[in-house]
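Asker:
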Amino acid sequence: MNAPEKMTAAPAAPATRPMPHVLDTYGRLPFALSHGRGCQVWDTEGREYLDALGGIAVNTLGHAHPRLVAAIADQAGKLIHTSNYYQVPLQEQLAAKLCEFSGLAGAFFCNSGLEANEAAIKIARKIGHDRGIETPEIVVYERAFHGRSIATLSATGNPKVQAGFGPLVPGFVRVPLNDLDAIRAVAASNKNVTAVFLETIQGEGGVNPARIEYLQGLRQICDEQGWLLMLDEVQCGIGRTGKWFAHQWAGIRPDVMPLAKGLGSGVPVGAVVVGERALKVLGPGNHGSTFGGNPLAMRAGVETLAVMEEDRLLDNAAKVGAVLSAALTRELGKEAGLVEIRGAGLMIGVELDRPCGALVGRAAEAGLLISVTADRVIRLVPPLIITAAEAERVAAILGPLVRKFLAEAPAAA
Ligand SMILES: *Cc1c(COP(=O)(O)O)cnc(C)c1O
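The following block contains the structure:
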């Protein structure tokens, strides 16, 4: 044991970082945000930013939405947390809405995207064991991102996310996206598969949509094989593409759908929503979460969805998404360094022909918040309340920055 006087001494911390007592697990920009309103945020020095990132597809209603603020304040004054030892009527309220919008049958609540995906993985394994498959396997995808727990990073198709954390969890079979023959080959050779698990639109992997015909083909193969179709809509769901869930553009329904990010508009809420085939797979004692489904988080989810409905934010996402895509095409369409502008609604990726992470800092200096993912894809996932005028401003700030960047940075070999 150390002597007491030694224990009270201030721990030596590196003085070079602005947050020396916080583990250095993120590449952070050198400023701190202090408050926001709608799609505008201000830093502690008073500089203003237009928010085209929305806390990574999280702040559905923008910042400080008056209805969400009032609902959270009201709920905090009544009951924040109770545990799941009791009925939580707000869970039923939010689950009923998610079932109404998705056509699915039930929901389990947790606190994050990876937790929702963990629940999905547990369902896929349990349904296998229920059928006598001792080593169930799940089909996953190249460039997929499902989270950073050991199981979800094992399902993730990015070696950078996995590096240093082996041994990985077994039971995943990896295939390329949008290749039905690869799925048919798995079906023909592997009798242990119980589920296919993919993002309807890959987010971290560079905004890569699963094609509509691919999703329809997968649905059919899953039905033929008795596999669960599990669609990770953590990033692309909750209205972002102009429908409640991105797979609805293909006219299909998944069996299992993890959600999180936009569901609580910034308050941590995760959910796994399931159809009839997966409804009874998990029973009492099979799964749980201390915080999951607490009244504060549920109230944030219920209010977020209510505002989305009343203010027709799905229509806004589709309409303003089209405005933003068109404006970006106008700004950048003729650039040789542009590979593609893609996505759906307010989930847009602008792929360049070279790594462009430097643009994140330059955009912030110009008063715009964005991210770059998969090294060379500028990702725009703004709040769903963004106006057409704000979308035009996003493109008007970003266009010249990207053109300047392409003119000076060396193209990749
Ligand atoms: C962000 C994300 C996750 C992980 O969510 P966390 O809340 O960070 O755990 C999982 N899947 C997808 C598609 C995501 O975009």
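Residue numbers (this note's numbering): 11 to 423.
Each residue gets a CB set at the ideal place from its N, CA and C atoms; glycine is no exception.
In terms of alpha-carbon separation, which member of 377, 327, 403 and 411 lies closest to residue 368?
Answerer: Ranking 377, 327, 403 and 411 by Cα distance to residue 368 puts 411 first.
Asker: Among the residues of its own chain, which have a CB less than 6 Å from the CB of residue 365, if the five just before and after it don't count?
Answerer: Cβ within range, chain order: 385 and 386.
Asker: Please report the residue range of the beta strand (DSSP E) in which residue 350 lies.
Answerer: 348 to 354 is the span of the beta strand (DSSP E), which, as asked, contains residue 350.
Asker: Residue 341: buried (16+ other C-beta within 10 angstroms of its C-beta) or exposed?
Answerer: Counting Cβ neighbours within 10 Å, residue 341 comes out buried, since at least 16 surround it.
Asker: If we count the other Cβ atoms within 10 Å of its Cβ and call it buried at 16 or more, is residue 408 buried or exposed?
Answerer: Counting Cβ neighbours within 10 Å, residue 408 comes out buried, since at least 16 surround it.
Asker: Quick one: what's got a C-beta closer than 7 Å to residue 276's C-beta in the same chain, skipping five residues either side?
Answerer: If we look at residue 276 and ignore the five residues flanking it on each side, its Cβ neighbours are 65, 68 and 69.
Asker: For the putative contact between residue 331 and residue 358, defined by C-beta atoms under 8 Å, what is the C-beta separation to the nearest angstrom?
Answerer: Between residue 358 and residue 331 the Cβ distance is about 7 Å, and since that is below 8 Å, they are a contact.
Asker: Residues in the same chain with beta-carbon distance under 6 Å from residue 104, minus the five sequence neighbours each way, listed in chain order, please.
Answerer: Counting only Cβ-Cβ distances below 6 Å, and skipping sequence neighbours, we find 308, 311 and 312.
Asker: Within the chosen definition, does the segment 280 to 298 reach the segment 129 to 141 through at least 3 CB pairs nearer than 8 Å?
Answerer: Result yes; three or more Cβ-Cβ pairs closer than 8 Å.
Asker: Closer than 6 Å by C-beta to residue 177: which residues in its own chain qualify, once you throw out the five before and the five after it? Chain order, please.
Answerer: Within the same chain, residue 177 has no close Cβ partners at all.
Asker: Give every residue of the same chain whose Cβ lies closer than 7 Å to the Cβ of residue 339, excluding the five residues on either side of it in the sequence, and list them in chain order.
Answerer: Hits under 7 Å: 351.
Asker: Kindly say whether residue 335, judged by its beta-carbon, lies nearer than 8 Å to any beta-carbon of chain B.
Answerer: Although the question refers to chain B, the structure presented lacks it and comprises just one protein chain.
Asker: Considering just the uninterrupted stretch of the alpha helix (DSSP H) at residue 138, what are its terminal residues?
Answerer: Its alpha helix (DSSP H) spans residues 123 to 140.
Asker: For residue 155, which residues of its own chain have a beta-carbon under 8 Å away from its beta-carbon, when the five flanking residues on both sides are left out?
Answerer: Same-chain partners within the cutoff: 166, 167, 168, 171, 209, 212, 213, 214 and 215.
Asker: Please report the Cβ distance between residue 280 and residue 123, rounded to the nearest whole angstrom; I am assuming they are in contact, meaning their Cβ atoms lie under 8 Å.
Answerer: About 6 Å separates the two Cβ atoms, so the contact holds.
Asker: What number of angstroms, rounded off, separates the C-alpha of residue 380 from the C-alpha of residue 245?
Answerer: In a straight line, the C-alpha of residue 380 is about 15 Å away from that of residue 245.
Asker: Could you tell me if the beta carbon of residue 156 falls within a distance shorter than 7 Å of some heavy atom in ligand 1?
Answerer: Residue 156: yes, Cβ under 7 Å from ligand 1.
Asker: In three-state DSSP terms, what is residue 246?
Answerer: Three-state result, residue 246: coil.
Asker: For residue 130, collect the residues of the same chain with a Cβ closer than 7 Å to its Cβ; drop the 5 residues on either side in sequence, then sort them by chain order.
Answerer: So the list reads 207, 240, 266, 268 and 282, once near-sequence residues are dropped.
Asker: Are the CB atoms of residue 362 and residue 349 within a distance shorter than 8 Å?
Answerer: It is a contact, given that the beta carbons lie within the stated cut-off.
Asker: So residue 327 packs on residue 355, CB below 8 Å; how close in whole Å?
Answerer: The Cβ separation is near 4 Å, so the contact holds.
Asker: How many Å lie between residue 374 and residue 256 at the Cα?
Answerer: Computed Cα separation, rounded: 29 Å.
Asker: Under 8 Å, with one C-beta from each stretch per pair, do the segment 86 to 105 and the segment 247 to 263 reach the 3-pair mark?
Answerer: No, they do not touch.
Asker: Roughly how many angstroms separate the alpha carbons of residue 83 and residue 315, rounded to a whole number?
Answerer: If I take the Cα positions, the gap works out to 17 Å.
Asker: Have a look at residue 157 and residue 392 and give me their C-alpha separation to the nearest angstrom.
Answerer: When rounded, the distance between both Cα atoms is 21 Å.
Asker: Have a look at residue 296 and residue 133 and give me their C-alpha separation to the nearest angstrom.
Answerer: So the two alpha carbons sit approximately 10 Å from each other.
Asker: Taking only the alpha-carbon atoms, compute the straight-line gap between residue 73 and residue 398 and give it to the nearest angstrom.
Answerer: About 17 Å.
Asker: If I measure Cβ to Cβ from residue 128 and keep anything under 7 Å in the same chain, skipping five residues before and after, which residues do I get?
Answerer: Same-chain partners within the cutoff: 159, 161 and 162.
Asker: Only counting the same chain, and skipping five residues up and downstream in sequence, which positions put a Cβ closer than 8 Å to that of residue 57?
Answerer: Only 41 and 377 meet the Cβ criterion.
Asker: Going by beta carbon distance, what residues of the same chain come within less than 7 Å of residue 287, once the five residues before and after it are set aside?
Answerer: Around residue 287: 238 and 265.
Asker: Got a sec? Which residues, its chain only, sit under 7 Å from residue 44 by beta carbon, not counting five neighbours each side?
Answerer: Excluding residues within five positions, the ones whose Cβ falls inside 7 Å are 52, 53 and 54.
Asker: Below 6 Å CB to CB, which residues in the same chain sit around residue 270 once its five sequence neighbours on both sides are set aside?
Answerer: Answer for residue 270: 122, 123, 126, 244 and 280, listed in chain order.
Asker: Report all residues from its chain with a CB closer than 8 Å to the CB of residue 86; omit the five preceding and five following residues, and keep chain order.
Answerer: Cβ neighbours of residue 86 beyond the five flanking positions: 306.
Asker: If you follow the beta strand (DSSP E) that residue 147 is part of, which residue opens it and which one closes it?
Answerer: Run containing residue 147: 147 to 151, per the beta strand (DSSP E) assignment.
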